[in-house]
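Shown next, in structure tokens, is the structure this report addresses.
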Ligand code: PMP
């Protein structure tokens, strides 16, 4: 296998022509770009021939590693038949088959699959479904209650339910006011409480918001593990209580499992393991094993039925994208689901290995909190453990660690001063140990250098 163009030219073109997502371009242009050209198992190779562990699963979505024969073959087989055909008013074979499989593995009670192409669109669709669910019944319940620091994507609807004070400030004029309540962040509990003794007092603010806005609220939307906001898992029992509260207040519950779905937290879906069926569930990322863009918004039959009616009633959900239900993406997603079954059996041992690999960090002077939800890990670095003093954002402490890790052969992308570790679920125990050894060393080196 040969590179189509020499490495120097590729890097020059990257700097000259590309505008990278979620990337500080001034900083990016000041450094030599990392250009990946192939993968093997859980590793990626750059154009200069260096190999790296894919420590954040190519942005939280790779499941079985790269160049998985079963997944490659599924695409090739489908390619021999059809690459794409629309789902608007008609169907295609892999999209139908995938919908049947998704409903089989999804939390019981979810019955309908609405496809799109990214996590953000899965959320947009969920929000529109929720609002129109009430509209179709003659009710103007159009606000969505969200949680502070939750992240649901960067399209306008997704920003509207989770506007980030840093990322989304220029666009506030586009975003309608939606109420928000604090997400439970046990390490820095604003109520000064400790779990489980707290009895989840933090749910009181949700109850108050539901009381206050009940007549205007279409839905509550939540991430079961706050991802981009800092890798913060919900305390056990929280989601179940929230489900009960939304029912009691006649408000829909949307759970965003874009990041947590498909085994990431150790079970197929967080909400099923928590004994919860939401009214609407958002899925993306791991749905194709990390191969092709595809997303799905799942709804209960009760939600779906409200969209049925004669043409003059105009109950249709008027939402669709050109590539919705793409045949190649659906085919690889089907193959992914087939591989997921046996993979699930192996996760407990690997999750324990991640926990063991993190243990040496518990006494580290800079490590304030270690949060693990299965294969989702956030290591919060602090200036002072006693006071939990955060590092100033400008110090880019997480990036300092990521740079050291990269030099040692592990790719990770931090969230401010939170070091993220989210390897593919197919990583072996040995690979997990090796990756975490690199990460621990990187943290120590940054501490020693005092960056
Ligand atoms: N929801 C959650 C919970 C996410 O983690 C993300 C992406 N990190 C999104 C939505 C948006 O997904 P996408 O980047 O595919 O639009």
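In this note's numbering, the protein residues as written are 1446 to 1896.
From the three backbone atoms N, C-alpha and C, an ideal C-beta is built for every residue, glycine too.
As the structure is a prediction and not an experimental result, all values here were calculated from the model.
For the options 1515, 1790, 1870 and 1614, the alpha carbon positioned closest to that of residue 1507 is the one of 1870.
In this structure, residue 1598 has its CB closer than 7 Å to one or more heavy atoms of the ligand PMP. Spanning the alpha carbons of residue 1862 and residue 1582 requires a straight line of approximately 46 Å. In the three-state reduction of the DSSP assignment, residue 1713 falls in the coil class, being assigned neither a helical nor a strand state.
For residue 1749, the enclosing alpha helix (DSSP H) starts and ends at 1746–1750.
Membership of residue 1658 in any beta strand (DSSP E) is not indicated; the residue belongs instead to the alpha helix (DSSP H) covering 1648–1658.
Going by DSSP, residue 1459 is part of the alpha helix (DSSP H) stretching over 1452–1462. Around the beta carbon of residue 1597, 16 or more other beta carbons lie within 10 angstroms, which makes this residue buried. Using a cutoff of 7 Å, the CB of residue 1672 counts as near the ligand PMP, since one of the ligand's heavy atoms is closer than that. By the Cβ test, the segment 1801–1820 is in contact with the segment 1886–1895, since at least three Cβ pairs between them sit closer than 8 Å. Residue 1536 sits in coil when the DSSP states are folded into three classes, being neither helix nor strand. Setting aside the 5 residues that flank it on each side, residue 1720 is surrounded in the same chain by 1685, each with a C-beta closer than 7 Å to its C-beta; the list follows chain order.
At least one heavy atom of the ligand PMP is found less than 7 Å from the C-beta of residue 1564. Shown here, residue 1786 sits in a helix according to DSSP, grouped into three states.
Distance from the C-beta of residue 1865 to the nearest heavy atom of the ligand PMP is not below 7 Å. Considering only 1698, 1543 and 1766, the residue with the shortest C-alpha distance to residue 1558 is 1543. Here residue 1497 is buried, its C-beta having at least 16 other C-beta atoms within 10 Å.
Straight through space, the alpha carbons of residue 1840 and residue 1570 are spaced by roughly 38 Å.
Judged by DSSP in its simplified three-state form, residue 1548 adopts helix.
With contacts defined by Cβ atoms closer than 8 Å, residue 1727 and residue 1568 form a contacting pair. If you draw a straight line from the Cα of residue 1807 to the Cα of residue 1540, it comes to about 46 Å. With a cut-off of 7 Å, the C-beta of residue 1601 is classified as distant from the ligand PMP, since no heavy atom of the ligand falls inside that distance.
According to DSSP, residue pairing for residue 1701 in a beta bridge involves 1727.
Taking C-beta atoms under 8 Å as the contact rule, residue 1677 and residue 1816 qualify, at a distance of about 6 Å. Look at residue 1577 here: in three-state DSSP terms it is helix. As the crow flies, the alpha-carbon of residue 1455 is around 52 Å from that of residue 1636. Between residue 1452 and residue 1492, the alpha-carbon positions lie close to 6 Å from each other. Counting every other CB atom within 10 Å of its CB across the protein chains shown gives residue 1577 a total of 16 or more, marking it as buried. For residue 1588, the enclosing beta strand (DSSP E) has its first and last residue at 1588–1592. Taken from the Cβ of residue 1568, at least one heavy atom of the ligand PMP lies inside 7 Å. For a cut-off of 8 Å, the C-beta gap from residue 1594 to residue 1675 is around 7 Å, short enough to register as a contact. For residue 1497, the uninterrupted beta strand (DSSP E) run begins and ends at 1496–1499, by DSSP. Rounded to the nearest angstrom, the gap between the Cα atoms of residue 1556 and residue 1845 is 46 Å.
Relative to the ligand PMP, residue 1703 has its C-beta within less than 7 Å of a heavy atom. Residue 1832: not part of any alpha helix (DSSP H); DSSP gives it neither H nor E.
For the pair residue 1574 and residue 1658, the Cα-to-Cα distance works out to about 19 Å.
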